[in-house]
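Peer 1: So the protein lines, in turn, are chains E and P.
Quick note: the first sequence uses the working numbering, first residue 220, plus one each step.
Quick note: the second sequence uses the working numbering, first residue -18, plus one each step.
Glycine included, each C-beta is placed from N, C-alpha and C at the ideal position.
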Amino acid sequence: MWDYTDKVREHFLNPHNVGEIPDADAVGEVGSLACGDALKLYLKLDEKKERIVDAKFQTFGCASAIASSSALTEIIKGRTLDEALEVSNQEIAEFLGGLPEEKMHCSVMGQEALEVAIAKYRGGPIPGHDHDHLHPEMEGEVVCKCFGITDQFLKKVIKDNKLHTAEQVTHFTKAGGGCGGCVPKITELIAEVMGDQPKEERKRPEKLTNLRKMQLIQDILEKEVRPQLWADGGDLELIDIAGSTVQIAFRKACAGCVSSGHTAKFVEQKLREFVAEDIKVEEVEG
Amino acid sequence: MREVYVDNNATTKVDEAVFEEMRPYFCELYGNPSSMHFFGGQVQKKIDEARKRTAALLGALPEEIIFTACGTESNNSAIRSALEIFPEKRHIVTTRVEHPAVLTPCRNLSKRGYRITELSVDGNGNLDLDELRTVVDEDTAIVSIMYANNETGVVFPIEEIGAIVKEKGALFHTDAVQAVGKIPMNMANSTVDMLSLSGHKLHAPKGIGALYIRKGVPFRPFMVGGHQERSRRAGTENSAGIIALGKACELAGEFLNEENTTVKTLRDRLEAEILRLVSNVRVNGGGAVRLPNTTSVAFEFVEGEAILLLLNEKGICASSGSACTSGSLEPSHVLRAMGVPFTCAHGSIRFSLSRFSTEDHIDTIIKELPPIIQRLREMSPFGREFLQNK
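(1) Can you name the start and end residues of the alpha helix (DSSP H) that P:Gly227 belongs to?
(2) For E:Ala245, name the three-state secondary structure that DSSP assigns.
(3) Could you tell me whether the segment 315 to 325 of chain E touches the segment 282 to 293 of chain E, where touching means 3 or more Cβ pairs closer than 8 angstroms?
(4) Anything in the segment 269 to 285 of chain E with a Cβ closer than 9 angstroms to a Cβ of chain P? List those residues in chain order, please.
(5) Work out the CA separation of E:Thr389 and P:Gly162 for me, nearest whole Å.
(6) On the three-state DSSP scale, how would you describe E:Glu239?
(7) Can you name the residues that DSSP bridges to P:Gly190?
(8) Does the distance from the CB of P:Pro362 to the CB of E:Gln277 come in under 9 angstroms?
(9) Fully enclosed by the segment 312 to 363 of chain P, which beta strand (DSSP E) runs are 3 residues long or longer?
(10) Which residues mark the beginning and the end of the beta strand (DSSP E) in which P:His154 is found?
(11) Might you give, ordered along the chain, the residues of its own chain that have their beta carbon closer than 7 angstroms to the beta carbon of P:Thr35, omitting 5 neighbours on each side?
(12) Just the C-alpha distance for P:Cys51 and P:Leu272, rounded to the nearest angstrom, thanks.
(13) Can you give me the C-alpha to C-alpha distance between E:Lys499 and E:Ile436, rounded to a whole angstrom?
(14) Tell me, please, whether the CB atom of P:Ala82 is closer than 9 angstroms to any CB atom in chain E?
(15) Is the separation between the beta-carbon of E:Leu262 and that of E:Ile240 shorter than 9 angstroms?
(16) Strictly by DSSP, which residues pair up with P:Ile73?
(17) Which residues of chain P have a Cβ atom closer than 8 angstroms to the Cβ of E:Phe231, listed in chain order?
(18) What in chain E is Cβ-close to P:Phe363, meaning under 8 angstroms?
(19) Whose C-beta lies closer than 6 angstroms to the C-beta of E:Glu492 among residues of the same chain, with five residues either side of it excluded?
(20) Report yes or no: do the segment 323 to 335 of chain P and the segment 248 to 263 of chain E share at least 3 C-beta pairs separated by less than 8 angstroms?
(21) Once you ignore the five residues that flank P:Ala129 on each side, which residues in its own chain have a CB closer than 6 angstroms to its CB?
(22) Does any residue of chain E bring its CB to less than 9 angstroms from the CB of P:Val(-13)?
(23) Taking only the alpha-carbon atoms, compute the straight-line gap between E:His354 and P:Ala299 and give it to the nearest angstrom.
(24) Could you give the DSSP three-state label for E:Val503: helix, strand or coil?
(25) Using a Cβ-Cβ cutoff of 8 angstroms, what residues of the segment 233 to 245 of chain E are near chain P? List them in chain order.
(26) Please state if the CB of E:Glu456 and the CB of E:Ala468 are separated by a distance shorter than 9 angstroms.
(27) Helix or strand or just coil, what does DSSP make of P:Ser212?
(28) Name the DSSP bridge partner or partners of P:Ile164?
(29) Does P:Pro360 have its Cβ less than 9 angstroms from a Cβ in chain E?
(30) In the structure shown, what three-state DSSP assignment does E:Ile405 receive?
(31) Pull up the DSSP beta-bridge partners for E:Glu363, would you.
(32) For P:Lys187, I'd like the list of residues in its chain whose CB is within less than 8 angstroms of its CB, leaving aside the five on either flank, ordered along the chain.
(33) Counting only beta-carbon atoms, is E:Glu411 nearer than 9 angstroms to chain P?
(34) At a cut-off of 8 angstroms, is E:Lys226 close to the ligand SAH when judged by its beta-carbon and the heavy atoms of the ligand?
(35) By how many angstroms is the C-alpha of P:Asn219 removed from the C-alpha of P:Val(-1)?
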């Protein structure tokens, strides 16, 4: 069984804002029966046509697709269109207390529907999502033929969610989850997107205040260390920082891994390289 | 909440009588059957009895049975053995609807230079025997075709298939994990060379399986090390599991008639009521010969995982061939191979009964299921106006 949070269960069993808005100002539709999930989002704006006063949805899909739709409508009600456009799929997932990684594509579908609804309302180009049969005018070239997903869309999701493996891309977008023929292309896109990120020249600073040091440790763990662990299915959590001692706990594949000692050394090495030479990393339970 | 368990193709309840039979072989009669002393010897006698009981259910000879850890091991053993027996033959024939315990080893072998032919099925899940005739050739080492499908319950014409395979001199293996105990079989008068079965599908515990190997069919062991099972499967015997399987097979023989009367009647009633109460429904493989206990129902315009979780809220334990429950994203390979239309491939639910299923179970499902489908359809953006329940 999926390990859904109570919040996902709650929004699946009793979803908020199900239905249509007959006189909606904006409607966004993504997905299809063939894909296995689909979402139709209705937005009603205030008199000035700036703020979303009501949002409703109709969804075909699994429990997390329904919960993500419910979460999306709750998040965007009361926001201006510009504010709503800032909603990311991560925000939808966080609202639900997290989604299993294999189900992240459900949160992405919510964000897509919102973008499409607003783009159609404003008369701009429809963003390049999957589901080409709905939006033949979309931008980009189709990479995943099984689910009709474009390179533009994949690049955006890879970048926004800092994805490092083709498997992660499948979990977030479904691309590559059918015949698997496009997995090499997805791997190329990851290299292109993540490789192209301007690599800030990181140097160990001369002097550090305690506050700055703690910020830097967090930053290095997020940007330099955790993505590498994710690539092997592992993860870590920062538990505490006391002076130069950094306490971490391993998660997922790293937890209980026989070579976690080496991994701890690797973390220490990175922190010494970028933060301060006297950093010590301790593995703790927690 | 009392569970309504209708997922017996996934696993079954251990019959109390089976449990009682195996119970003494943990703390009291724990001897090693290979030992010289009386203490081990008495376990050996009980294993011999279990072998006879297992053979009897299949209409086989006791020496034609080897005990394994599971159906998957039996399948892997059979395929690998055939390839070792015929090192010059580089072709394997199987079907697109096999269980992963056969499909995955075959696909792995294709990476090592073996040619694999996966036979297709029609909309009802039936094989085209003419296709089989054309693909089996002198290069074919083994044909491995399941007796009955785990998702749809569709039964293949095993004896006809075996006759075709024999003409070409290949070995014929069948994964009968879902069929044993539900369909009468008689290996004494059969074209099958090897047959896999699994204990936990017929009310024995998990961790015990068997492989039938016809007398005279050459065999090379998968596990080597000890002389157990006449050196055909090394490793100290899982004596309690073997004894349990023997008892479960004996009981399965006694209940075989009931599977095809009482259980089938319950299944047929469930299926008929669903078709009567819910619109836009089809039975996957409904036009084929099927196991008496299985029905796979496809609901148009709803997604399987959502159905399963809402059934789960009512204590109903079923399973789906839907993508979303397995972590993969496409509908099950079985439904895809059958060409189930995409409007309902994502919404297929499998109910699999057993001799422990009751009228009450069926009543509960018939009461709870239609409103669940209705509710999900009302939430869906697709053609809601056409989908009012009858």
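Peer 2: The answer reads as follows:
(1) In the DSSP assignment, P:Gly227 falls within the unbroken alpha helix (DSSP H) covering 220 to 239.
(2) Strand, per DSSP.
(3) When C-beta atoms of the segment 315 to 325 of chain E are compared with those of the segment 282 to 293 of chain E, three or more pairs fall below 8 angstroms, so the two segments count as touching.
(4) Of all residues in the segment 269 to 285 of chain E, those with a C-beta nearer than 9 angstroms to a C-beta of chain P are Phe276, Gln277, Thr278, Phe279, Gly280, Cys281, Ala282, Ser283, Ala284, Ile285, reading in chain order.
(5) Cα to Cα, the separation comes out at about 40 angstroms.
(6) E:Glu239: coil per DSSP, three-state reduction.
(7) Beta-bridge partners assigned by DSSP to P:Gly190: P:Thr49, P:Ser179.
(8) Yes. Within cutoff.
(9) Fully enclosed beta strand (DSSP E) runs of 3 or longer: 329 to 333.
(10) In the DSSP assignment, P:His154 falls within the unbroken beta strand (DSSP E) covering 152 to 156.
(11) By the criterion of a C-beta distance shorter than 7 angstroms, P:Thr35 is surrounded in its chain by Ile46, Ala191, Leu226, Gly227, Cys230, once the five residues flanking it on both sides are discounted.
(12) One C-alpha to the other measures close to 21 angstroms.
(13) One Cα belongs to E:Lys499, the other to E:Ile436, and the distance between them is close to 12 angstroms.
(14) When Cβ-Cβ separations below 9 angstroms define contact, P:Ala82 makes no contact with chain E.
(15) Cβ atoms of E:Leu262 and E:Ile240: closer than 9 angstroms.
(16) Under DSSP, P:Ile73 shares a beta bridge with P:Ile97, P:Ile123.
(17) Neighbours of E:Phe231 on chain P, chain order: Ala287, Leu290.
(18) The contact set of P:Phe363 on chain E, defined by CB atoms closer than 8 angstroms, consists of Leu252, Ala257, Phe279 in chain order.
(19) Taken in chain order, the list of residues that qualify is empty.
(20) Touching, per the Cβ criterion.
(21) Taken in chain order, the residues that qualify are Val136, Gln159, Ala160, Leu272.
(22) With 9 angstroms as the cut-off, P:Val(-13) does not count as an interface residue toward chain E.
(23) Confidence at E:His354 is low in this model, with a pLDDT of 44, below 50, so its placement is unreliable and no value can be given for it.
(24) It is coil, neither helix nor strand.
(25) Along the segment 233 to 245 of chain E, the positions whose C-beta sits under 8 angstroms from a C-beta of chain P are Pro234, Val237, read in chain order.
(26) A contact, by the Cβ cut-off of 9 angstroms.
(27) Looking at P:Ser212 - three-state DSSP - the assignment turns out to be helix.
(28) Note: P:Ile164 sits in a beta bridge opposite P:Val161.
(29) The question names Pro, yet the displayed sequence has Met at residue 360 of chain P. It does; some Cβ of chain E falls within 9 angstroms.
(30) In the structure shown, E:Ile405 sits in a helix (DSSP, three-state: H, G or I).
(31) One point to set straight first is that residue 363 of chain E is Cys, not Glu, in the sequence displayed. Paired residues: E:Ile368.
(32) Take P:Lys187, set aside five residues on each side of it, and the residues of its chain with a beta-carbon closer than 8 angstroms to its own are Thr(-8), Cys51, Gly180, His181, in chain order.
(33) For E:Glu411, no CB of chain P lies under 9 angstroms from its own CB, so it is not counted at the interface with that chain.
(34) Among the components modelled here there is no ligand, and therefore nothing to report on the ligand SAH.
(35) For P:Val(-1) and P:Asn219, the distance between alpha carbons rounds to 15 angstroms.
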